[in-house]
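Under this note's numbering, think of the first position of the sequence shown as 24, with each following residue one higher. A short write-up of the structure that comes next.
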Amino acid sequence: MKIYAISILLTFILTSASAQWNHYIKNEEDVPDYELPKLLKSNSGKKIKTVKRWEKIRRPELLKIFKQEIYGEIPEELPIKDITIIESNGNAFKGLAKRKQIDLYFENEGKSIHVGILIYLPKNATNVPLFLGYNFYGNHTIADDVDIRLTESWVMDNPSFGIIHNQITEQSRGVRTNRWPVKKILKAGYGLATIYYGDIDPDWNSFDNGVHPLLYSKGEVRPRSNEWGAISAWAWGLSRAMDYFEQDTDINARKVAVMGHSRLGKTALWAAALDQRFALCISNNPGCMGAALSRRKFGETISRIAYKFPHWFCGNFKKYAGMEDELPIDQHMLLALIAPRPLYIASAKEDLWADPRGEFLSAVHATPAYKLYDLPGLHITKMPEVGKPVMGTIGYHIRKGKHDVTDYDWEQFIKFANFHFKE
Ligand code: GCU
Numbered sequence: 024m025k026i027y028a029i030s031i032l033l034t035f036i037l038t039s040a041s042a043q044w045n046h047y048i049k050n051e052e053d054v055p056d057y058e059l060p061k062l063l064k065s066n067s068g069k070k071i072k073t074v075k076r077w078e079k080i081r082r083p084e085l086l087k088i089f090k091q092e093i094y095g096e097i098p099e100e101l102p103i104k105d106i107t108i109i110e111s112n113g114n115a116f117k118g119l120a121k122r123k124q125i126d127l128y129f130e131n132e133g134k135s136i137h138v139g140i141l142i143y144l145p146k147n148a149t150n151v152p153l154f155l156g157y158n159f160y161g162n163h164t165i166a167d168d169v170d171i172r173l174t175e176s177w178v179m180d181n182p183s184f185g186i187i188h189n190q191i192t193e194q195s196r197g198v199r200t201n202r203w204p205v206k207k208i209l210k211a212g213y214g215l216a217t218i219y220y221g222d223i224d225p226d227w228n229s230f231d232n233g234v235h236p237l238l239y240s241k242g243e244v245r246p247r248s249n250e251w252g253a254i255s256a257w258a259w260g261l262s263r264a265m266d267y268f269e270q271d272t273d274i275n276a277r278k279v280a281v282m283g284h285s286r287l288g289k290t291a292l293w294a295a296a297l298d299q300r301f302a303l304c305i306s307n308n309p310g311c312m313g314a315a316l317s318r319r320k321f322g323e324t325i326s327r328i329a330y331k332f333p334h335w336f337c338g339n340f341k342k343y344a345g346m347e348d349e350l351p352i353d354q355h356m357l358l359a360l361i362a363p364r365p366l367y368i369a370s371a372k373e374d375l376w377a378d379p380r381g382e383f384l385s386a387v388h389a390t391p392a393y394k395l396y397d398l399p400g401l402h403i404t405k406m407p408e409v410g411k412p413v414m415g416t417i418g419y420h421i422r423k424g425k426h427d428v429t430d431y432d433w434e435q436f437i438k439f440a441n442f443h444f445k446e
């Protein structure tokens, strides 16, 4: 009888805990009142009214908070040790493109990683502007092209893609072509460079693989609580790709658009905030700790993300679980760090987990930083209708459908890049 009562009680506790866990804010009327931290007021209370003050005082202050409390500092410099041009084929992709495959090699303290960059460039073009974005399952997944090398890094299992025991197989070739309209990009006059994000840091809660161990001091087994989680590591990797582009005359390194989806959309924002060589940033469905305002607590919250993906952030971040209003920043400040460079945020109507309205409002609240530069930022404050993109120095759209990257999204990214790169 006693055991029976205990088991009923336990079932009750567990189901109500999981019901709570499954509950998240999906309706606008459930969003709590909140007050955003002031973008244009320094820590010491100074009003920031000029570019000079923004760049000298406020921008460094905000950058420091994001480094120390959210994504983590990169502990030291780790330059590329060796670049190998694995191949360069002027007649790839059915004669449409030049394909290059590059290997960046990093080594320190007896540990090393290899990072593979796949690059498609419009045939015969030199000095081309380029989109740079990470992929989730390996470079070979983004195009139907048998000559793309297979990564040997750890890859997240996905049996429907033929990825089991964290190893890719031939079966996964081309499984993500839907997200990468290579032809469309080439025809518009852009190159495309992509890297498998797990070459930099495998996406699971462990710090003994990927790039992190290369920068441990003696005896260290994980980064300190203010040091880099995976998002900072991935952002670091994008900057090393940029180091390579600066040496490749086929590429116009002054016109590189860093692009990413979801966790990699969060990464693209952080990379652009850290590295001002990225001339433009595109963040697709970045959601919580990407573009969405945390204080709205809509969709994914800090508790959820810090519990499920602790390795994305620095150790200090977890203290904000359930404490959104205590955060010294909110995500509009991350977007503002990208000013004055063009920034595009894309949401999807059914992607409530990522809080489309929160992504939009973040762009609205980042706009005052662009205004300091006499740039319009986002020139609307009311959310546009589905399928009605807005192009300013900040661009935004919400499309119909789910969390994904579609041809429609890419068409807007290309228009946005044309608008800023070809004017
Ligand atoms: C999860 C996570 C999101 C993230 C997404 C993705 O849904 O909760 O924060 O953006 O994965 O990267 O696909």
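For glycine and all other residues, C-beta sits at the position ideal for the given N, C-alpha and C.
With a cutoff of 8 Å on beta-carbon distance, Val-138 and Leu-127 are scored as near each other. Between Thr-390 and Pro-182, the alpha-carbon positions lie close to 43 Å from each other. Here Thr-416 has Pro-365, Tyr-393, Leu-398, Pro-399 and Gly-400 as same chain residues with Cβ atoms under 6 Å from its own Cβ, once five neighbours each way along the sequence are excluded. The three-state reading of DSSP puts Gly-424 in coil, since its state is none of H, G, I, E or B.
With contact defined as three or more Cβ pairs closer than 8 Å, the segment 277-286 and the segment 318-330 are not in contact.
Note that the C-beta distance between Gly-252 and His-334 is below 8 Å.
At a threshold of 7 Å, Trp-293 does not count as near ligand 1, since its beta carbon sits no closer than that to any of the ligand's heavy atoms.
Collapsing the DSSP output to three states places Tyr-219 in a strand. In the displayed model, Gln-299 falls within coil according to three-state DSSP, outside both helix and strand. Thr-107 carries a strand assignment under DSSP once its states are collapsed to helix, strand and coil. Where Lys-121 is concerned, the enclosing beta strand (DSSP E) starts and stops at 120-131.
Here the alpha carbons of Arg-81 and Ser-176 stand approximately 39 Å from one another.
The three-state reading of DSSP puts Met-312 in coil, since its state is none of H, G, I, E or B. With a 10 Å radius around the Cβ and a threshold of 16 neighbouring Cβ atoms, His-46 comes out exposed.
A direct Cα-to-Cα measurement between Glu-84 and Gly-313 gives close to 19 Å. The beta carbon of Glu-92 is closer than 6 Å to those of Asn-339 in its chain, skipping five residues each way along the sequence. In the three-state reduction of the DSSP assignment, Tyr-57 falls in the coil class. Taking 4 residues as the shortest admissible run, the segment 256-298 contains the following complete alpha helix (DSSP H) segments, listed from N- to C-terminal end: 286-297.
Note that the C-beta distance between Ile-140 and Tyr-267 is below 8 Å. Not one heavy atom of ligand 1 falls within 7 Å of the beta-carbon of Lys-341. For Lys-320, the shortest C-beta to heavy atom distance toward ligand 1 is 7 Å or greater.
The C-beta of Lys-123 has 16 or more other C-beta atoms within 10 Å across all chains shown, which makes the residue buried. Within a 10 Å sphere around the beta-carbon of Ile-187 sit fewer than 16 other beta-carbons, which makes this residue exposed.
Taking 8 Å as the cut-off, the beta carbon of Ala-329 is found no closer than this to the beta carbon of Leu-297.
Exposed is the label assigned to Asn-201, since fewer than 16 other Cβ atoms lie within 10 Å of its Cβ. The segment 343-351 and the segment 359-378 do not touch, with fewer than 3 CB-CB distances between them shorter than 8 Å.
In the pairwise beta carbon analysis, the segment 236-254 is classified as touching the segment 95-112: at least three pairs are separated by under 8 Å. About 20 Å separates the CB atoms of Leu-144 and Gly-197; that is not less than 8 Å, and the two are not in contact. For Ser-285, the shortest C-beta to heavy atom distance toward ligand 1 is below 7 Å. Judged by DSSP secondary structure, Gly-156 falls within the beta strand (DSSP E) whose first and last residues are 151-158. About 6 Å separates the beta carbons of Leu-119 and Lys-146, which is inside the 8 Å limit, making them a contact pair. Secondary structure at Pro-145: strand, using DSSP grouped into helix, strand and coil. Contact fails between the segment 51-70 and the segment 304-312, because fewer than three Cβ pairs, one in each stretch, are under 8 Å apart. Taking 7 Å as the cut-off, the C-beta of Glu-373 does not count as close to any heavy atom of ligand 1. In this structure, DSSP gives His-235 a helical state, which the three-state scheme calls helix. Excluding sequence positions up to five before and after Pro-225, its CB lies within less than 6 Å of the CB of Trp-177, Asn-232 and Gly-233, all in the same chain and listed in chain order.
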